[in-house]
Every structure is written in structure tokens, then in C-alpha cells.
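Have a look at the structure below before the remarks.
Encoded structure:
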């Protein structure tokens with residue numbers, strides 16, 4: 014989900030500096046609401062009804078990845094709404110960073126996709142409290158330059174470790190997507206059940222991939238430039254990398270039907286505890302982005318789906334087909350859903366991925 018950088022380079026010594034510097038990356042507008050988000054989501058086409066009602070866009074502050082955002086908020090940075098993805102919501106909630114959502118104030122709450130809402134311990138907890146409004150979702154999938162790569166050579170995700178692609182591969186500087194790729198490559202679809210042996214297999218696969226990596230991309234602009242400039246021919250990337258590359262006239266294709274499949278993530282909005290802004294404006298924003306008309310922008314221009322099922326139903330069928338959302342059920346059995354991970358496993362992944370990137 015996202016045109017954003019996701020870089021895991023935090024240390025405890027940096028957290029204070031990160032909190033102090035966060036405001037420097039803010040786009041100031043309506044000071045009554047601060048949205049802590051991925052870069053790119055400040056696009057006014059995502060919240061026209063907020064502007065219509067409140068007169069201006071909110072103030073946006075940006076983070077590079079959810080772990081960076083987590084440390085900034087823990088160290089004292091104040092915002093009203095945040096935009097984490099499924100694999101981080103539990104961590105944020107258990108750390109006491111969030112407050113429950115009042116779903117009676119969110120128009121279309123009941124229109125949210127039942128499959129997404131059924132993800133365990135995500136939008137709601139067993140006590141019935143709501144903590145997360147799913148909003149955007151999409152895939153991380155094999156992406157390649159069709160002028161330079163024969164499709165038969167990338168039928169398997171194991172192609173990322175094939176020596177023939179040495180120096181021509183890019184995957185995200187993102188522990189979740191990296192281990193989603195590795196989990197699929199070793200035949201694991203439910204990463205919440207990863208054993209110690211499977212963790213070792215997945216990590217070993219990523220070490221083989223590392224030998225082929227020219228660059229770990231940090232945001233959509235980065236990977237689009239790498240692909241369009243011919244620096245890499247094979248990538249593990251989000252939907253919008255293909256959409257933007259094609260729009261720029263580059264022969265980039267995405268491949269959902271590899272032998273092992275693809276990974277699907279869902280991101281959305283949370284309300285921070287001790288939010289400093291106007292609570293009514295926070296709900297105005299949630300209602301604005303959840304408006305069904307916004308689905309047309311998300312799907313057509315970004316290649317992402319909206320969690321509002323009513324919104325997706327209103328998108329032109331030809332556009333849905335073009336972007337791969339006309340028959341979502343077709344891919345379910347070959348998809349790793351990025352469900353929230355056990356905290357201990359996530360910490361192991363973070364530590365190991367840093368070693369892998371460093372060549373160890």
C-alpha cells in the first residue's frame with residue numbers, strides 16, 4: 014500500500030531525534046488535524062469531502078515505515094490519526110498508542126469488506142472494540158521488464174535467487190514484504206504458523222536473493238526509477254509500481270500467477286491515544302477516505318483496492334479487470350495474507366533481515 018519509504022534503521026538512541034524531526038516532514042494545512050502517514054497519501058483526491066466540509070486538507074506528517082512511526086509516537090511525537098498496515102496494528106495497540114474508534118461516527122463502517130474484517134485481531138478485538146479502519150489493500154507481487162525477461166523464467170518466485178538475475182533484482186527495504194516473499198518461496202501461506210525451521214529456510218532464501226539484489230527499494234518512486242532506468246529487470250513490488258511504470262511507457266508487467274503466488278496486505282487508519290487535534294475532524298477524515306467514490310481513484314490511479322466493498326462495487330468493471338480486481342477469489346488459494354504476526358517472530362524477522370542486508 015503505498016508510495017513511501019520503509020526503512021528499518023532505528024536505534025533507541027535516535028528516537029528522540031526522530032520525534033523532534035518528524036514535524037520537519039509535515040505538510041501544514043488544517044492544524045486542527047494531524048495525520049501521520051506514508052508519503053503520497055496527502056493527495057487531496059483521497060479526501061475531497063474533508064476539504065469540502067472543513068475548508069482545507071489536514072496537516073500531514075510522514076514516516077518511512079511502521080517501525081519508525083512506532084518509535085516516533087512512543088518518543089512523544091503527537092498526531093491524531095496514523096496509517097499502519099495489518100502486520101503492525103496489534104503491536105501499536107498493545108503498546109498503548111491507540112484509543113478505540115467510535116464506529117457510530119464512521120459512515121460506511123458496515124460496508125467494509127467482510128473478508129478483511131474477518132482477519133483475526135485486526136479491526137476489532139474479541140471484546141467488540143474497534144481499533145482500526147481498513148482502507149487500502151493490495152498485493153506485493155513479482156514484477157518484471159517484459160522486454161528483457163522471458164515470462165517462463167519467472168514462473169516461480171525462486172527466480173529471485175536465480176544467478177541469471179544477479180545484479181538485476183530489487184526487493185523492498187521492508188521486513189514484512191521480504192519475509193512474505195521468502196515464506197511463499199518455501200511453500201508457507203500462513204506465516205503466523207512459521208516454525209523455527211521454516212524461519213531458517215526463509216532466511217536462507219533471502220540470503221540467496223541478497224546475492225542478486227542491486228538495490229533495496231525504499232518507495233514507489235525508487236522502484237519505478239530502477240525499473241524504468243533499466244537498472245533492474247525483476248522486482249518484488251506493490252501494485253502501483255506496475256501502474257506508474259506503464260503510465261510512463263515502460264514495458265513492466267506484474268505476475269500474480271507464479272507457482273507460489275503473491276502476498277496481500279491491508280492498511281488503514283487508527284486514532285492515537287491523547288490525540289491533540291479536533292476529534293470531530295478526525296472522524297470527518299475517516300468518513301472522507303472511506304467514501305465509496307474514493308475507490309475509483311485508488312483503483313485507477315494507484316492500482317490498490319478500497320476496503321469499502323460498496324466503493325469497489327462502484328468501480329467500472331473494465332478498470333477492475335485491468336487492475337486485477339475483477340476476480341479476487343481466483344487468487345485466494347495462492348495468497349499469503351499479511352496477518353498480524355506474533356511479536357516475538359516479528360522481532361526475529363527484523364533482526365535477521367538487517368543481518369541479511371548487511372551481507373551476513
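Numbering (our numbering), first residue to last: 14 to 373. Backbone N, C-alpha and C define an ideal beta-carbon position, used for all residues, glycine too.
- A check of alpha carbon separations from residue 280 across 64, 103, 63 and 57 identifies 103 as the nearest.
- In terms of CA proximity to residue 238, 261 leads the group 261, 282 and 85.
- Look at residue 126 here: in three-state DSSP terms it is coil, with no helix or strand label.
- In the structure shown, residue 44 falls within a strand segment according to DSSP collapsed to helix, strand and coil.
- Going by DSSP, residue 265 is part of no alpha helix (DSSP H) but of the beta strand (DSSP E) stretching over 265-268.
- In the DSSP assignment, residue 167 falls outside any alpha helix (DSSP H), carrying neither H nor E.
- Here residue 312 has 318, 319, 325, 328, 332, 333, 336 and 338 as same chain residues with Cβ atoms under 8 Å from its own Cβ, once five neighbours each way along the sequence are excluded.
- For residue 241, the enclosing alpha helix (DSSP H) has its first and last residue at 233-241.
- For residue 150, there is no enclosing alpha helix (DSSP H); the enclosing beta strand (DSSP E) has its first and last residue at 146-158.
- Scanning the stretch 40-99 from its first residue to its last, the whole alpha helix (DSSP H) runs of 4-plus residues come out as 61-67 and 79-87.
- Measuring C-alpha to C-alpha distances from residue 366 to each of 192, 199, 275 and 210 identifies 192 as the nearest.
- Segment contact: the stretch 200-218 against the stretch 159-169, fewer than three CB-CB distances shorter than 8 Å; contact not assigned.
- Nearest C-alpha to residue 243 among 305, 256 and 228: 228.
- A contact between stretches requires three or more CB pairs, one per stretch, nearer than 8 Å, and the stretch 297-316 meets this requirement with the stretch 107-124.
- By the beta-carbon neighbour count (other beta carbons within 10 angstroms, threshold 16), residue 276 is buried.
- When the Cα atoms are used, residue 183 and residue 118 turn out to be separated by approximately 42 Å.
- In the DSSP assignment, the residues bridged to residue 318 are 150.
- Residue pairing by DSSP puts residue 184 in a beta bridge opposite 249.
- At a Cβ-Cβ threshold of 8 Å, residue 67 and residue 288 do not count as neighbours.
- Taking C-beta atoms as the reference points, residue 95 and residue 49 count as a pair closer than 8 Å.
- Between residue 202 and residue 349, the gap from beta carbon to beta carbon is short of 8 Å.
- For residue 284, the secondary structure class from DSSP, reduced to helix, strand or coil, is strand.
- Of the residues 155, 44, 176 and 226, the one whose Cα lies closest to the Cα of residue 249 is 155.
- Residue state for residue 143 is assigned as strand, using DSSP reduced to three classes.
- For residue 178, no alpha helix (DSSP H) run applies, since DSSP gives it neither H nor E.
- One thing to note: residue 267 has its Cβ within 8 Å of the Cβ of residue 255.
- The beta carbons of residue 150 and residue 315 sit about 11 Å from each other, so the pair does not count as a contact at 8 Å.
- In this structure, the CA atom of residue 295 is about 20 Å from the CA atom of residue 308.
- Considering only 321, 133 and 364, the residue with the shortest C-alpha distance to residue 120 is 321.
- For residue 366, the enclosing alpha helix (DSSP H) begins and ends at 356-370.
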